[in-house]
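If you read the protein sequences in the order shown, they are chains V and Z.
For what it's worth, the working numbering labels the leading residue of the first sequence as 1, then goes sequentially.
For what it's worth, the working numbering labels the leading residue of the second sequence as 671, then goes sequentially.
Ideal placement from N, C-alpha and C gives every residue a C-beta, glycine not left out.
Here is the structure we will look at, set down as structure tokens.
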Amino acid sequence: MEMSQYLEVFIEESKDHLQNCNTQLLELEKNPEDLGIVNEIFRSAHTLKGMSATMGYEDLANLTHNLENVLDGIRNEKLTVSTNMMDVLFAAVDDLEEMITSIAGGGDGKKNVESTISRLAAIEKGEVLTEDNTANAVAVKSEVSYDQFEQTVLHQSLEQGYQAYELTVALRDDCLLKAARVYMVFEVLEKVAEVVKSSPTVDQLEEENFDQHFTVTIVTKEDAAFVEKSVLKVSEVEQAVATKLDLAGFQAEAEAAVTILEVDVPSADAEIKLSNQPAVEKDIPKNQVANKTIRVNIDRLAVLMNLFEELVIDRGRLEQISKELNHGELNETVERMSRISGDLQSIILTMRMVPVETVFNRFPRMIRQLARDLNKQINLEISGQDTELDRTVIDEIGDPLVHLLRNAIDHGIESPAERAAKGKPETGTIDLRAYHSGNHVFIEIQDDGAGISKEKVLDKALSKGIVTEEQVQTMTDSQIYELIMASGFSTAETISDISGRGVGLDVVKTTIESLGGTITIHSTPGEGSIFSVQLPLTLSIISVMLTEIENEKFAIPLSSIIETAIVKNEEILHAHNQRVIDFRGKVVPLVFLNEVFDVNKEAEEDIHSVIIVRKGEKLAGLVVDSFIGQQEVVLKTLGDYLGDIFAISGATILGDGQVALIVDCNALIQ
Amino acid sequence: MTVLVNDLKVIVFQLLNKEYAVPVQNVQSIEKVMHITRVPGVPSHVKGVVNLRGVVTPIIDLRTRFGIEAGSFDEHTRIIIVTLDGREVGLIVDSANDVLDIPETSIEPQPNVVGSIEADFISGVAKIDRRLLILLQLDKVLENVS
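What follows is the structure in structure tokens.
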């Protein structure tokens, strides 16, 4: 079978499933009792396993299989969710992600995942559970769930000086008569202890309706080691681990809070939950049905777009012809066609739009890890995930946002102790929000941390020579804050493991500006900062000023233009061998585009049309013959055959079907 | 039935008074001359770019590329759109009007004596009936400008 044609689908879908795993795992960590979530993860993992096995990625399938086993354990209430377990699960998903990335990059998707697999296997057998179970109440909570009656029994026996244990018995893989071994284990146990409950139930055990291990809850006066030893005497028993059941804590907690009671006495609740679950699960697929999607290669969309533009050009011609002929029926038809093609155009444009959710999704996981690494407590609030942006912008915006978030956590949010000292809640909050406004999308990252210290920024900027004393006098607060994004600002002092990495905020700024966006900073010392990123809705359509030099047309992006002017010959001054003009008291150098672009010019004119453009703080005046007007154009590349051409950033197709080049103003301003 | 496995299907075009051939699988389409937008700062053989059904496509003047004197365009002038390694480029030729099957046996390596620039761009010659076809080596012709 030819696999390569499925590879793309496989990679895309795998990424989706992994994202789902990550999101749901985070949910699970918050609601360790919610089996619906476990089911959801299990489904994703299962699909992933099936797909990777079909595609022949065995390491991938193998790891997913082990992941699945643990999830299955949780699902069947054999295992309890603990922080340690979550770490391993996350690590496994990380490994999977790495393998998928390797496959997507043309690799073979092989990776040594022995350690992750063995950790998963350990969890599956309940080993890790016993390790951290002494301290971790979560681990003890509901390995097996107890109903009110069983609880009472346990408490009473405790009062009579018995100890309660959860004994997990693992049979050997090659055990033939499992039921018989179970019987023998029970017989041994009855000699030394009282069996209160078993999981799976005795019935299931008799029917061999379990994997290799089962858990029994016992009360005994013997110590754990003795019980374990007795059970291990039964042949074909591989492992027996007795865990002390913390019934005292159990009850204290149970009495302390109703919410915890619900968690701790799950059996009654669990039934309700279980009966609820199918309903919940049914809901999910329904939603998915409502949102049927189809994956389309973005290149195909581009082709569709190109063809459509041609259609629009022809439409223009038809409109012209029908106007000239003034034929009633023709007019009507052309009008109808214009309307329909207008609707078509907007649909095709929105087809490229993707909700920012696809980028935001990976942040909660990242924040969790960062917060753990830095020993900070962070609550990430996300809003406006459904705000849509062009696919091309989406692809680029992830890294800058990651950087800003890291920055907010590392430099913004203080440590819990510091926060407590300042009278703030120990957990810091980061708001990540996206919203539409006009022709732009705003993405804001707000933290309630320490804010930016103006003095420190100024001190550093001055010492690095980024600004001068005089400049400082006239700077506004936000201009000062923005200095932290100046290149060369990041220093060894600020570099930590998290936000150092050799990439400064200046890179963030450059990336965002290359997308046609801007970034601004607001900060209140002691209360936090807001980094606000403004992005164009799409990169493929830009507003330009169309200009003409002789018979050639050049488009100048409106985003760089400040204004246009008409300049007479005598107003042109000469300074340092350069022609300049006095523009509102500023000396602005002139760039004669006909010289830059070698246009054959026939006669010198004495009046010049000038477009004042800017790059950062610098200005320049581009001299052209005449302005045609402002237009929205679709950006096209010149293709890799021509490569980089000086001062040309791309091309566009005009209404008459001709190609016009787009001027790269940034290259013209030194 | 004859097996034509070894035959090479080519598009034949004229340049000055010679006949050249490119494999048909590299040819996307043959277009009439349309408006070409000049691109500044590129080698002289790159005439500029055209709008080919919504795709901005670079155009090479083969005469200039081969160092033959440039001629003016007339009604026979054609742009042959060729693709190679995913790159789409148009070649301006004097005329293009023939599709031929060249038996592999009639293809010979290019004669070693030629000293002209175009020799670099030739992969071989084929003699069919009384015609001499020069087989183009497209990857050399389309070598990146930058």
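Do residue j and residue i have their beta-carbon atoms positioned less than 7 Å apart in this structure?
{"i": "V:G517", "j": "V:Q534", "result": "yes"}
{"i": "V:V93", "j": "V:N22", "result": "yes"}
{"i": "V:K618", "j": "V:I669", "result": "yes"}
{"i": "V:E166", "j": "V:T215", "result": "yes"}
{"i": "V:I413", "j": "V:D373", "result": "no"}
{"i": "Z:I730", "j": "Z:H746", "result": "no"}
{"i": "V:E27", "j": "V:I37", "result": "yes"}
{"i": "V:R315", "j": "V:S346", "result": "no"}
{"i": "V:N594", "j": "V:K601", "result": "yes"}
{"i": "V:S540", "j": "V:V633", "result": "no"}
{"i": "V:E236", "j": "V:R172", "result": "yes"}
{"i": "Z:V692", "j": "Z:D768", "result": "no"}
{"i": "Z:V725", "j": "V:N306", "result": "yes"}
{"i": "V:P364", "j": "V:I512", "result": "no"}
{"i": "V:I662", "j": "V:L546", "result": "no"}
Taking 6 Å as the cut-off, is the CB of residue i close to at least one heavy atom of the ligand ADP?
{"i": "V:L515", "result": "Ligands displayed in this structure: none; no statement on the ligand ADP is therefore possible."}
Among the candidates the options, whose CA atom is the shortest distance from the CA of residue i?
{"i": "V:I321", "options": "V:V334, V:V312 and V:E310", "result": "V:V334"}
{"i": "Z:E774", "options": "Z:F791, Z:S765 and Z:V795", "result": "Z:V795"}
{"i": "V:G384", "options": "V:V402, V:S157, V:V359 and V:L404", "result": "V:V359"}
{"i": "V:V457", "options": "V:S478, V:V192 and V:G438", "result": "V:S478"}
{"i": "V:Y162", "options": "V:V192, V:S609, V:Y183 and V:R172", "result": "V:V192"}
{"i": "V:V610", "options": "V:V623, V:N600 and V:A603", "result": "V:V623"}
{"i": "V:T652", "options": "Z:V719, Z:G737 and Z:P693", "result": "Z:V719"}
{"i": "V:R368", "options": "V:N666, V:T83, V:T476 and V:F10", "result": "V:T83"}
{"i": "Z:V810", "options": "Z:L686, Z:P728 and Z:R735", "result": "The sequence as given places Lys at residue 810 of chain Z; Val does not occur at that position. Z:K810 has its Cα closest to that of Z:R735, out of Z:L686, Z:P728 and Z:R735."}
{"i": "Z:D677", "options": "Z:D771, Z:M704 and Z:D790", "result": "Z:D771"}
{"i": "V:I612", "options": "V:V195, V:K15, V:F597 and V:I566", "result": "V:I566"}
{"i": "V:K111", "options": "V:R119, V:R419 and V:E97", "result": "V:E97"}
{"i": "V:Q160", "options": "V:K221, V:V70, V:I409 and V:G449", "result": "V:K221"}
{"i": "V:L432", "options": "V:V580, V:I549 and V:L404", "result": "V:L404"}
{"i": "Z:I738", "options": "Z:I751, Z:R723 and Z:V763", "result": "Z:V763"}
{"i": "V:K454", "options": "V:F42, V:S523 and V:Q5", "result": "V:S523"}
At least one CB of chain Z closer than 7 Å to the CB of residue i: is that the case?
{"i": "V:P266", "result": "The predicted model places V:P266 with a pLDDT of 37, which falls under 50 and marks its position as unreliable, so this point remains unresolved."}
{"i": "V:A555", "result": "no"}
{"i": "V:V70", "result": "no"}
{"i": "V:I645", "result": "yes"}
{"i": "V:Q385", "result": "no"}
{"i": "V:F597", "result": "yes"}
{"i": "V:V624", "result": "no"}
{"i": "V:G585", "result": "no"}
{"i": "V:A417", "result": "no"}
{"i": "V:G502", "result": "Residue confidence for V:G502 is low, a pLDDT of 42 falling below 50, so the modelled location carries little weight; the figure read from the coordinates is stated next. Chain Z, which has no Cβ nearer than 7 Å to the Cβ of V:G502, makes this no."}
{"i": "V:Y641", "result": "yes"}
{"i": "V:G657", "result": "yes"}
{"i": "V:Q670", "result": "no"}
{"i": "V:I653", "result": "yes"}
{"i": "V:K671", "result": "Any property of residue 671 of chain V remains undetermined from this structure, which presents chain V solely from 1 to 670."}
{"i": "V:N306", "result": "yes"}
{"i": "V:E309", "result": "yes"}
Would you verify that the beta carbon of residue i is, or is not, closer than 7 Å to some beta carbon of chain V?
{"i": "Z:T753", "result": "no"}
{"i": "Z:Q807", "result": "no"}
{"i": "Z:S816", "result": "Any reading at Z:S816 must be qualified, since the residue scores a pLDDT of 48, below 50, and its modelled position is unreliable; the value itself is stated next. Yes, contact with chain V."}
{"i": "Z:G711", "result": "yes"}
{"i": "Z:R723", "result": "yes"}
{"i": "Z:V759", "result": "yes"}
{"i": "Z:H715", "result": "no"}
{"i": "Z:V726", "result": "yes"}
{"i": "Z:T707", "result": "yes"}
{"i": "Z:K679", "result": "no"}
{"i": "Z:V719", "result": "yes"}
task: Decide yes or no for the touch test of the stretch 462-482 of chain V against the stretch 414-433 of chain V: beta carbon pairs closer than 8 Å, at least 3 of them.
output: no
- prompt: Is the stretch 691-700 of chain Z close to the stretch 585-593 of chain V, with three or more CB pairs under 8 Å?
  reply: no
- request: Can you check the stretch 44-79 of chain V for any alpha helix (DSSP H) of at least 4 residues that lies completely inside it and give the ranges in chain order?
  value: 58-75
query: Would you say the stretch 60-68 of chain V touches the stretch 33-49 of chain V, given that touching needs at least three Cβ pairs under 8 Å?
result: yes
- request: Count the CB pairs spanning the stretch 388-398 of chain V and the stretch 354-371 of chain V that are closer than 8 Å, and state whether there are at least three.
  value: yes
message: For the stretch 525-534 of chain V against the stretch 431-447 of chain V, do three or more pairs of beta-carbon atoms, one drawn from each stretch, fall closer than 8 Å, so that the two count as touching?
response: yes
- prompt: Any chance the stretch 643-661 of chain V sits against the stretch 568-575 of chain V, with 3 or more Cβ pairs inside 8 Å?
  reply: no
field: Length at least 3, wholly inside the stretch 425-503 of chain V: the beta strand (DSSP E) runs in chain order
entry: 428-437 and 440-447
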